[in-house]
Structure formats: C-alpha cells, structure tokens
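**Q**
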Amino acid sequence: MNTTKPELCWLTDPTVFAVNRLDAHSDHVAYRTVEEVAAGRSSLRQSLDGEWCFCWSSNPAARPADFWQTDADLSAFGTIKVPGHIELQGYGELQYTNTLYPWDGRAALRPPQIDWDNAPVGSYVLDFTLDEGLQGQRVCISFQGVEQAMYLWCNGHFVGYAEDSFTPSDFDLTDCLQEGVNRLCVEVHKRCSASWIEDQDFFRFSGIFRSVFLYAKPKVHLADLWLRAGLETDNATGTLAPRLKLEGETAGAQVQLRLVDDEGYALYDGPVTDDTLELQGVQPWSHGTPTLYHALLTLTDADGAVQEVVPYDIGFRRFEMIDGVMCLNGERVVFNGVNRHEWNAEKGRAIGPEDMYAAMEVFRNNNINAVRTCHYPNQSLWYDLCDENGIYMIDEANLESHGSWQKLGAVEPSWNVPGSLPEWKDCVVDRARSMFERDKNHAAVLIWSCGNESYAGEDILAMSQFFHEQDPGRLVHYEGVFHNRAFDAISDMESRMYAKPWEIRDYLESAPAKPFILCEYMHDMGNSLGGMESYIRLAEEYPQYQGGFIWDYMDQALTHTDALGRRVLGYGGDFGERTTDYNFSGNGIVYADGAEKPAMQEVRYWYAEEADRAAHDAGNAAKARAADAALAAEWQARPTVPLTVTEGDGNLGVKGDGFEILFSYTEGGPVSLRIGGTEWLWRAPRPAVWRASTDNDRGCGFPQRSAAWLAADTLAKAGQPEVVLETSDRVTVQYRFPLVGVPGAEAVLTYTVTDRSALEVEAAYHGVAEAPELPCFGVKFQTADPVTVTRWTGLSGETYPDRYKGAEFGCFEEVPHIEPHLVPQEGGLHMYTRRAVLQQRDARGRTTAALELQSCGTPFAFSALPNTAQELEAAQHPCELPATGRTSVTVLGAVRGVGGIDSWGTDVEEAYRLSGAQDYTVRFRILLR
C-alpha cells in the first residue's frame with residue numbers, strides 16, 4: 001500500500017500492515033570498497049542508535065498528535081535510549097502473560113479491535129545530519145525491530161507505516177531529506193490488530209528495541225541476493241545459483257563473484273551470470289564440520305567503477321526427506337535442540353552481541369546442535385553465529401495467537417485468528433515473506449516455521465505454500481496442525497509439544513508418513529529436566545524420531561528494585577501488572593543472568609554421542625568401585641576406643657575419644673553432638689518425609705495430594721526412647737515417630753555409637769496401605785553454626801533419581817546455597833554419595849571443624865542448605881528466605897524425581913515416584929574423630 005496520508009484506523013485493520021515500506025531483502029551489508037570490508041566498517045551505513053527525544057502517552061487521544069511537524073514544541077519531551085524497550089526506561093507498565101491477552105477481563109474485545117483508552121503510544125524524535133559517505137545518493141532507513149506498529153515522518157513529511165515487530169521495516173527517505181540537520185519522528189503504538197497475532201509467552205513490551213540505521217544506495221545498488229548453495233549426492237560437488245536484484249542505473253552494470261575457502265583458495269572468480277556454477281571438492285556444511293566459503297560480490301557501473309562490495313559466507317549442504325526421514329547431506333539428522341527467546345535480565349529482548357556470543361558458548365559447551373527461534377525471527381547476528389558453529393535452525397515466523405483459540409487449556413477456536421479469514425491472510429504471508437527474504441542465505445536455516453500455537457487454517461496453509469514455492473530446498477514446520485488435522489499438509493513433519501514418551505512411541509509404531517520432532521519438550525521450569533533419557537532412547541530405537549527442542553534457553557526475569565529497596569530478579573506480577581502468569585516464564589536451562597542451571601550437565605550428557613556417553617558411564621563406574629574399596633578399607637583400619645556411658649535424669653550421655661553425645665529422653669533424639677569442642681547439633685534430628693515442592697510438583701498437584709507428609713515432617717515428635725543396647729563398645733538408642741496425618745505411619749530412628757568412634761544412624765519407614773506418595777524419606781538435622789563448605793565423594797553437581805547420568809563421579813565441594821530459581825524450591829541434592837564432609841572455616845579459609853558422614857555400604861543422597869524445606873516452601877522469592885545462621889542437612893535413602901515432561905499436569909515418571917505403601921530405609925555413619 002502506498003499513500004502520503006497516515007490514518008489512525010490502520011491500527012485496527014489487518015489488511016493494512018505496510019504502507020510505503022520497501023520490499024523485504026537479504027541481510028547483506030554493502031561496502032564501498034574492499035578495504036572497508038576488511039575493516040568491517042561501511043561508509044554506506046550510518047547508525048542512529050543512541051539517545052532520542054521521547055514522549056509517552058497512555059492512549060492515542062492523549063498523544064502529541066502533531067509532534068511530527070517541523071515547528072512542533074518538544075519542550076515537554078524527555079529522552080529514551082534506542083534500541084530499548086519503553087517499559088524498561090521508566091515509561092508505562094511491564095506485563096508478563098502467557099496465553100491470555102494482556103487486556104483479558106479489562107476490555108471486551110475481539111479481533112481486530114483494540115482498547116483505545118488503554119493503548120500506549122511512544123513518540124520518538126531524532127535530529128541527525130547525514131554522514132559524508134551517504135550524501136548525494138538515495139538514502140533509506142531500516143528499523144530492525146519496532147513493537148508493535150509504527151508511523152514514520154521525516155522533516156514533516158509522512159514516510160510510511162509498518163507492523164511485524166521482529167523483521168526489518170525499511171523506507172526510502174531520499175525525497176524528504178534536506179541539507180544540514182534532518183528530523184525523524186516515529187510514533188510507536190503498543191496496540192494494533194497485530195497484537196492479536198503476537199501473543200507469545202513473554203513479557204509484553206513496546207518501542208524501538210532493535211537497531212536503527214541509514215544506508216545509502218549508490219547509482220547502482222545490489223538490493224537483494226540469494227546465493228543458492230547446493231550439494232550433489234557425492235557430497236563433494238557444490239552448486240551455486242546466484243539470484244541477484246539490482247536497482248538504479250542497471251544498464252551495463254556487472255557483478256563479479258569471488259568465492260574462496262578459509263585458506264584463500266578460489267573456487268570461482270568471475271562474472272555472475274544466469275548459469276548455475278558447479279564447484280568441485282567442497283566440504284559439506286554440517287554441525288560436525290560447519291565449513292563456510294567466503295563470497296565477495298563486486299558491483300560495478302557501466303563505466304567499470306566500483307559501486308558496492310558485498311561479502312557473504314555460505315555453506316554447501318543438502319537437506320531433504322528420504323523415506324520419511326529428514327536427512328542432511330544424505331545422513332539422518334537428530335536435533336539436540338533448545339528453544340531460545342532473545343533475553344537479557346536488564347534489557348529484556350533488546351539484547352546485544354555479547355548476549356549472543358555468550359549463548360553460543362553455552363551451546364558449544366553442552367552439545368546443543370539445534371535452535372528454534374521461538375517465536376519470531378531473531379537478530380541477524382544470531383544466524384551468522386549459527387552458520388559458523390553448525391547450529392541447525394528452525395526459523396520461526398512472528399505469529400502466535402494462542403489466546404484466540406485455547407482458553408484455560410481447552411481448544412475453542414470459534415474466533416481464532418488468522419484461521420481461514422481472508423482479511424488476515426496477506427499480513428501473515430507477509431510475515432513469512434519478510435523472514436524468508438532476510439534469512440534465505442543462511443546455511444543454518446534448515447526449516448521454516450509458520451509460527452507457533454495459532455491453531456490452523458487456510459491462512460497458515462498459505463504461509464506454508466509460500467515457503468514451499470519459494471524454497472524447495474528446505475522443509476516447513478508447524479505444530480498447530482496437531483489440533484486441526486484438516487490442515488495436516490501445512491507441516492512436512494509431525495511436530496508436537498510435551499508429548500509423553502509413550503505417546504510418541506505409539507505414533508512411531510503406526511508406520512507414519514512423517515518423521516516426528518518435539519518442537520518443545522523437557523519443560524525446564526525451576527528444578528526440572530528429569531526423565532530426559534526416555535526421549536533420547538527413542539532416537540536410538542526409531543529412525544523417524546528426530547529429536548527435540550528443550551523449553552527453553554533462558555529464564556525470562558527482569559532485574560528491578562523491590563519494595564524494600566533491594567535489586568532483585570522479578571517475574572510476572574512483581575511489577576503490579578494483572579493479568580499475569582507469575583513465574584511461568586522461568587523455564588531456562590540457564591538463569592536470567594546466563595549462569596547454567598545444575599541440570600545442564602544432564603543436557604550435556606544426553607546430547608553427547610552414544611559412544612561418549614558409554615565412555616562416561618564406564619569411567620564413573622570404575623571410579624565408584626575404587627571409592628567404595630577405599631572407604632571400606634579405611635573403615636576396617638579404624639582403631640577401637642572404649643565408650644563411657646552416663647545415665648542422667650533427662651539424657652543418656654556417651655563419651656569417647658574427643659567426642660560427647662547427649663541422647664535426650666524428651667526431645668526425640670540426640671540434642672548434643674560435640675567433637676573436639678565443637679557443637680554440631682542445633683536440635684535433635686528428625687525423620688525427613690517432605691522436600692520443598694518443585695514447580696513441576698506444583699503443576700501436577702503433588703503437594704495437595706501428599707500434603708499430609710508436610711504436616712508429618714513439620715510436626716514429628718517421638719515418644720520415650722528405647723535403649724536397645726548399652727555396653728562399653730556399643731550403645732544403641734531408638735526413637736519412634738508417629739507420622740501425624742497419615743494413620744498408622746511411623747518412622748523409626750536408631751542411633752548406635754560404636755567403639756570405632758562413629759555414630760551409626762538408621763532410619764526406617766514401613767509402608768502403610770492408602771498412604772499418599774512420599775516426597776522423600778531419610779533424616780534431617782540443622783547445625784548449630786553455619787557450614788562454610790561441603791565436600792563430598794559421589795556425583796558432581798545436583799542430581800536426582802531421574803537426572804543423574806550426566807554427573808561425573810569424584811570428589812567435589814561447594815558452599816551451601818539455595819539455587820536461585822525464580823520461586824524457591826527443592827534443590828541441592830547429591831545422589832549416590834559415599835562420603836560428605838561439613839566444614840567450618842575461618843576468615844582465612846582454614847578448616848576449624850569438620851563433620852564427616854559416610855555410607856554404610858549403600859550410597860545415600862544428601863543436601864546441605866542454608867534453609868529448611870518449610871522455609872523454602874513459604875518463600876515466593878529467594879530474597880524472602882530467612883538467614884538463620886544454621887545449615888539444614890538432609891540424608892535420604894529414597895527421594896522422588898523432579899520430572900520434566902511438563903509443568904502443568906504430568907507427574908514424574910512412575911519409576912521415580914515413592915509409594916507410601918512401600919518400606920524405605922537409609923543408613924549412614926558420622927565419624928566422631
């Protein structure tokens with residue numbers, strides 16, 4: 001659409017989404033000379049990033065409607081940084097919501113309506129002078145990302161209008177420019193018809209959040225290029241079919257192409273023609289060998305003068321479907337992938353290069369070979385990095401209308417958009433075209449995705465048809481056909497979200513026509529990612545199971561100042577917004593600051609090659625056997641020392657060489673454990689039958705089903721102890737704890753002091769019919785003073801029954817801490833432990849006291865944390881946890897898995913649950929000298 005008069009009604013008209021916008025094109029950069037290419041700086045481009053004048057308005061009626069006029073009074077304007085979100089710079093309100101639209105319950109709307117009373121507007125103004133390198137040529141402006149709709153003026157002239165927050169919008173400014181200072185005015189609207197199809201699960205921002213720059217077009221200009229690189233079936237012969245679009249004085253213009261490898265060897269050096277080039281001896285591009293070749297296109301005018309020099313890296317590869325299996329260069333491909341939102345805890349989605357480099361380093365270190373750009377095209381630098389590192393991409397169009405067809409989990413598409421509505425078709429196909437044109441040269445892009453969670457209909461089918469017609473060398477993905485099989489033709493593969501392993505198995509055994517991928521799986525919300533093995537094994541068993549993409553890469557949380565003046569991470573609801581989905585945005589395999597979560601070692605293991613996993617397992621087994629042998633020999637070598645027993649009115653005292661224990665008759669266990677003058681117990685140990693709920697526990701209702709164990713864990717009280725044995729070489733005292741809330745349930749804690757200067761602890765639970773599932777079973781106690789460092793022999797990091805294979809066996813240490821999940825929860829457990837040492841250290845790091853726990857033949861699980869399960873359960877943010885000056889130590893013989901299939905209904909796999917009808921025990925010893 002082309003016009004010189006802007007209309008506010010465009011905001012609610014889905015047929016108007018681009019006015020005077022230039023055609024989408026490839027993401028190449030044009031330089032004036034080869035020397036500029038080498039320096040990485042183009043004199044044909046001028047950045048407009050920086051500080052702009054700015055005014056925020058709560059709705060269109062309140063905006064300064066004439067701010068674009070050359071004589072407008074801007075004295076009331078403030079400033080804002082570009083790129084950046086309006087809401088993160090002191091204007092407007094932050095909001096996180098998942099599927100519900102932001103206005104749900106506040107305005108009765110249906111597509112394409114907006115609430116005109118609550119539709120914020122940002123008015124941007126920038127004065128600039130053209131750099132010398134751009135003068136005397138056609139000059140265009142590129143907005144790389146503006147959320148959600150923008151009107152543009154230059155020097156008082158209306159230039160254009162655009163929607164689609166995540167692909168570039170370019171406009172020609174030439175006819176509006178003047179000598180000296182020029183003025184740009186941009187009016188950004190947070191609400192428009194596009195709001196209905198940008199309902200992604202993320203924080204809802206607005207503003208110019210990606211870079212803005214000017215670029216010049218010399219008298220002949222390379223407007224678009226597609227270096228269509230292919231690979232013959234011999235995997236050694238490359239094909240190159242350049243498709244170029246020239247603008248300007250094209251008569252007599254020529255383009256020379258030089259294509260070289262990393263060593264500078266030229267595969268081709270000559271003119272670009274309509275012919276397809278055949279190149280011998282190329283190295284195929286893949287994850288294992290991401291070989292790129294360096295193209296340099298030199299554009300000359302009719303007189304032979306160089307007008308532009310354009311570099312671009314390409315890879316030769318062949319991606320195709322063979323007998324229902326996706327193959328790269330003739331070999332089956334398995335996606336060890338992750339979904340990735342663009343995110344930074346300080347800047348939201350206005351990320352910088354450093355964020356992308358950091359993410360790619362995480363990918364490399366953890367065997368991640370694929371990424372889905374959920375749920376919008378990312379910044380172009382990310383595609384360059386994926387090309388360079390062999391990361392397979394599902395490039396996803398900016399489309400999600402989840403709230404228009406799924407309400408509170410139920411499929412109800414009566415007013416779904418875009419559906420098969422003709423008025424929405426062009427705008428969604430335009431989104432597909434904009435992504436395709438920009439990203440088509442990237443070897444990493446194997447699959448185009450039509451968007452996310454928008455149901456299915458004729459309009460999305462048109463997107464798929466566009467991709468297939470334009471680019472038969474790639475496949476097309478769309479998960480939404482799972483909910484509307486009438487449009488199954490949209491997707492070349494069966495793609496699902498959070499399908500259970502047994503459901504996938506049923507599909508794969510039905511002789512399907514399409515291969516299967518999980519575009520989202522392993523929902524890593526909080527302490528999660530248990531049971532990953534069940535999915536990886538499918539890839540080993542079924543050729544048509546071709547992997548999946550973990551949800552997701554990074555927790556979406558924002559640093560802010562809370563009500564008490566602390567700088568903390570906030571999630572949905574912390575910013576005063578409603579509606580919200582609270583911490584449901586915290587699903588990353590890395591935290592919001594980029595630090596890896598403990599579960600990452602499991603990702604690294606299961607995304608490794610099968611042979612590497614086997615070697616890892618063998619190494620762990622050998623080291624575990626050696627540790628067991630050393631521990632047994634050490635125990636057998638311990639000398640014996642007689643015990644002294646003192647029977648008091650309220651306590652039974654046992655003394656040995658350098659230690660003393662007081663067993664209370666009223667407190668339910670030992671109330672004092674002194675070793676070398678250091679008191680280790682704050683209160684008597686108790687049976688542990690509760691661990692803090694995880695996000696996955698809460699999502700499947702486990703805390704409600706098993707709440708009786710929380711009461712039992714909190715209120716456990718023993719009767720009078722029984723002195724089972726009392727001699728000079730052994731004293732045994734036993735305490736019985738009725739477990740309140742679970743009729744007939746009882747835990748028995750038995751303590752035996754031996755003449756080898758050790759306190760043996762045994763806890764037993766005997767199953768009770770009809771008892772609810774247990775979270776865990778073992779023994780817990782708190783230290784009188786905080787533990788400085790914990791050292792253990794066992795598995796590295798944090799491990800659980802359904803998430804331990806990725807750990808290394810060895811000796812490790814850590815400072816007791818609570819993992820910084822957005823909502824505090826269970827964490828810090830170490831499975832298959834042989835030895836754990838709790839150390840107190842002075843300010844110089846010297847150990848002043850130590851308490852050592854050892855296994856008695858069977859390894860145990862343990863954690864040492866600064867807070868109890870009850871304290872974790874009560875807190876909504878890490879900063880709410882009390883500092884008690886104690887360390888909570890838990891030793892377990894059985895514990896529930898953490899799960900990971902999803903976080904809203906699916907329980908952990910049955911093998912990792914604890915039946916309340918079964919018996920459980922744990923046995924360990926504490927060395928007393």
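So for the sequence shown, my numbering puts the first residue at 1; every next one is plus one. Just so you know, even glycine gets a beta-carbon here, dropped at the ideal spot from N, CA and C.
Going straight from the alpha carbon of residue 795 to that of residue 813, what length do you get?
**A** Here residue 795 corresponds to residue number 795 of the sequence shown, with the count starting at 1. Here residue 813 corresponds to residue number 813 of the sequence shown, with the count starting at 1. For residue 795 and residue 813, the distance between alpha carbons rounds to 11 Å.
**Q** Among residues of its own chain, excluding the 5 on either side of residue 487, which ones have a beta-carbon nearer than 6 Å to its beta-carbon?
**A** For the purposes of this step, residue 487 is taken as residue 487 along the sequence shown, with counting starting at 1. Same-chain partners within the cutoff: 456, 461, 481.
**Q** Could you work out which residue in 548, 332, 450, 77 is closest to residue 535 when comparing CA atoms only?
**A** As a first step, residue 535 must be located in the sequence shown, where it is residue number 535. If we check each option's Cα against that of residue 535, 548 comes out closest.
**Q** If you check the beta carbons only, do residue 923 and residue 758 fall under 9 Å apart?
**A** Here residue 923 corresponds to residue number 923 of the sequence shown, with the count starting at 1. Here residue 758 corresponds to residue number 758 of the sequence shown, with the count starting at 1. The answer is no: Cβ separation not under 9 Å.
**Q** Is there contact between the stretch 285-304 and the stretch 382-392, where contact requires at least three CB pairs shorter than 8 Å?
**A** Segments in contact, yes.
**Q** Straight-line CA distance for residue 396 to residue 479?
**A** One-based indexing of the sequence shown puts residue 396 at position 396. One-based indexing of the sequence shown puts residue 479 at position 479. Distance between the alpha carbons of residue 396 and residue 479 is about 11 Å.
**Q** Buried or exposed for residue 454, going by 16 or more other Cβ atoms inside 10 Å?
**A** As a working mapping, residue 454 is identified with position 454 in the sequence shown. That one is buried.
**Q** Any idea what DSSP makes of residue 517, helix, strand or coil?
**A** The sequence position of residue 517 within the sequence shown is 517, counting from 1. In the structure shown, residue 517 sits in a strand (DSSP, three-state: E or B).
**Q** Enumerate, from N- to C-terminal direction, the unbroken beta strand (DSSP E) stretches of 3 or more residues contained entirely within the stretch 542-590.
**A** Entirely contained in the stretch 542-590, the beta strand (DSSP E) runs reaching 3 residues are, in chain order, 545-551, 558-561, 567-570.
**Q** For residue 54, which residues does DSSP report across the bridge?
**A** Within the sequence shown, the letter at position 54 stands for residue 54. Residue 54 is bridged to 78, 124.
**Q** With burial defined as no fewer than 16 other Cβ atoms inside 10 Å of the residue's Cβ, what is the status of residue 322: buried or exposed?
**A** The count along the sequence shown starts at 1 and reaches residue 322 at position 322. Exposed is the call here.
**Q** Rounding to the nearest angstrom, what Cα-Cα distance links residue 258 and residue 364 in this structure?
**A** Locating residue 258 in the sequence shown gives position 258, where the first residue counts as 1. Locating residue 364 in the sequence shown gives position 364, where the first residue counts as 1. Approximately 31 Å, taken between the alpha carbons.
**Q** Sort 772, 859, 683 by Cα distance to residue 784 and report the nearest one.
**A** Position 784 of the sequence shown holds residue 784. Ranking the options by Cα distance to residue 784, first place goes to 683.
**Q** With a threshold of 16 other CB atoms inside 10 Å of the CB of residue 357, please say whether the residue is buried or exposed.
**A** Translated into the one-based positions of the sequence shown, residue 357 becomes position 357. By the 10 Å Cβ count, residue 357 comes out exposed.
**Q** Between the Cα of residue 832 and the Cα atoms of 850, 806, 862, which residue gives the shortest distance?
**A** As a first step, residue 832 is located in the sequence shown; it is residue number 832 there, counting from the start. Out of 850, 806, 862, 862 has the C-alpha closest to the C-alpha of residue 832.
**Q** Name the DSSP beta bridge partners of residue 850, please?
**A** Taking the sequence shown and counting its residues from 1, one reaches residue 850 at position 850. 839.
**Q** Using a 10 Å radius around the Cβ and a threshold of 16 neighbouring Cβ atoms, would you call residue 602 buried or exposed?
**A** As a position in the sequence shown, residue 602 is number 602, starting the count at 1. Buried.
**Q** Taking 9 Å as the threshold (C-beta atoms), are residue 292 and residue 900 in contact?
**A** Counted from its first residue, the sequence shown places residue 900 at position 900. Counted from its first residue, the sequence shown places residue 292 at position 292. Cβ distance not < 9 Å, so residue 900 and residue 292 don't count as in contact.
**Q** Check whether the stretch 32-44 touches the stretch 98-110, counting contact only when three or more Cβ pairs, one atom from each stretch, lie closer than 8 Å.
**A** Taking 8 Å as the limit for Cβ pairs, the verdict is that the stretch 98-110 does not touch the stretch 32-44.
**Q** Please give the ranges of any beta strand (DSSP E) in the stretch 437-484, keeping only runs that are unbroken, at least 3 residues long and fully inside the region.
**A** Counting whole runs of 3 or more residues, the stretch 437-484 contains the beta strand (DSSP E) stretches 445-449, 475-477.
**Q** Cα separation between residue 220 and residue 137?
**A** Translated into the one-based positions of the sequence shown, residue 220 becomes position 220. Translated into the one-based positions of the sequence shown, residue 137 becomes position 137. Taking the straight line joining both Cα atoms gives about 10 Å.
**Q** With a cut-off of 9 Å, does the C-beta of residue 279 fall near any C-beta of chain C?
**A** Any reference to chain C falls outside this structure, which holds one protein chain only.
**Q** Based on Cα-Cα distance, which residue from 223, 195, 199, 189 lies nearest to residue 172?
**A** Here residue 172 corresponds to residue number 172 of the sequence shown, with the count starting at 1. Among 223, 195, 199, 189, the Cα nearest to that of residue 172 belongs to 223.
**Q** In terms of alpha-carbon separation, which member of 698, 303, 664, 362 lies closest to residue 717?
**A** Translated into the one-based positions of the sequence shown, residue 717 becomes position 717. It is 664 whose Cα lies nearest to the Cα of residue 717.
**Q** Would you list the residues sitting across from residue 656 in a DSSP beta bridge?
**A** As a position in the sequence shown, residue 656 is number 656, starting the count at 1. Per DSSP, 659.
**Q** When the distance is taken between beta carbons, is residue 74 closer than 9 Å to residue 125?
**A** Here residue 125 is taken as the residue at index 125 of the sequence shown, counted from 1. Here residue 74 is taken as the residue at index 74 of the sequence shown, counted from 1. For residue 125 and residue 74, yes; Cβs fall inside 9 Å.
**Q** With residue 246 and residue 310 assumed to form a contact (beta carbons below 8 Å), what rounded beta-carbon distance in angstroms separates them?
**A** Here residue 246 is taken as the residue at index 246 of the sequence shown, counted from 1. Here residue 310 is taken as the residue at index 310 of the sequence shown, counted from 1. That pair is no contact at about 12 Å.
**Q** Based on the DSSP output, what are the partners of residue 737 in its beta bridges?
**A** Taking the first residue of the sequence shown as 1, we reach residue 737 at position 737. Residue 737 is bridged to 747.
**Q** For the alpha helix (DSSP H) containing residue 926, name the first residue and the last one.
**A** The residue labelled residue 926 in the question sits at position 926 within the sequence shown. Taken as a continuous stretch (DSSP letters only), residue 926 belongs to no alpha helix (DSSP H), being part of the beta strand (DSSP E) at 920-927.
**Q** May I have the straight-line CA-CA distance separating residue 472 from residue 439, to the nearest angstrom?
**A** Taking the first residue of the sequence shown as position 1, residue 472 is located at position 472. Taking the first residue of the sequence shown as position 1, residue 439 is located at position 439. So the alpha carbons of these two residues sit roughly 15 Å apart.
**Q** Does the distance from the CB of residue 387 to the CB of residue 313 come in under 9 Å?
**A** As a first step, residue 387 is located in the sequence shown; it is residue number 387 there, counting from the start. As a first step, residue 313 is located in the sequence shown; it is residue number 313 there, counting from the start. Result yes, Cβ atoms of residue 387 and residue 313 sit closer than 9 Å.
**Q** What is the DSSP secondary structure of residue 687, counted as helix, strand or coil?
**A** Counted from its first residue, the sequence shown places residue 687 at position 687. In the structure shown, residue 687 sits in a strand (DSSP, three-state: E or B).
**Q** Could you spell out the range, first to last residue, of the beta strand (DSSP E) harbouring residue 254?
**A** Residue numbering aside, residue 254 sits at position 254 when the sequence shown is read from its first letter. Its beta strand (DSSP E) spans residues 254-260.
**Q** Should residue 254 be listed as close to the ligand HEM, given that the test is whether its C-beta is under 8 Å from any heavy atom?
**A** The ligand HEM is absent from the structure shown, which contains no ligand whatsoever.
**Q** How big is the Cα-Cα spacing for residue 345 and residue 93?
**A** Within the sequence shown, the letter at position 345 stands for residue 345. Within the sequence shown, the letter at position 93 stands for residue 93. Cα to Cα, the separation comes out at about 16 Å.
**Q** Near residue 296, what residues of its chain come up, given a Cβ to Cβ distance below 6 Å and the 5 sequence neighbours on each side ignored?
**A** To locate residue 296, count along the sequence shown from 1; it is residue 296. Cβ within range, chain order: 258, 311.
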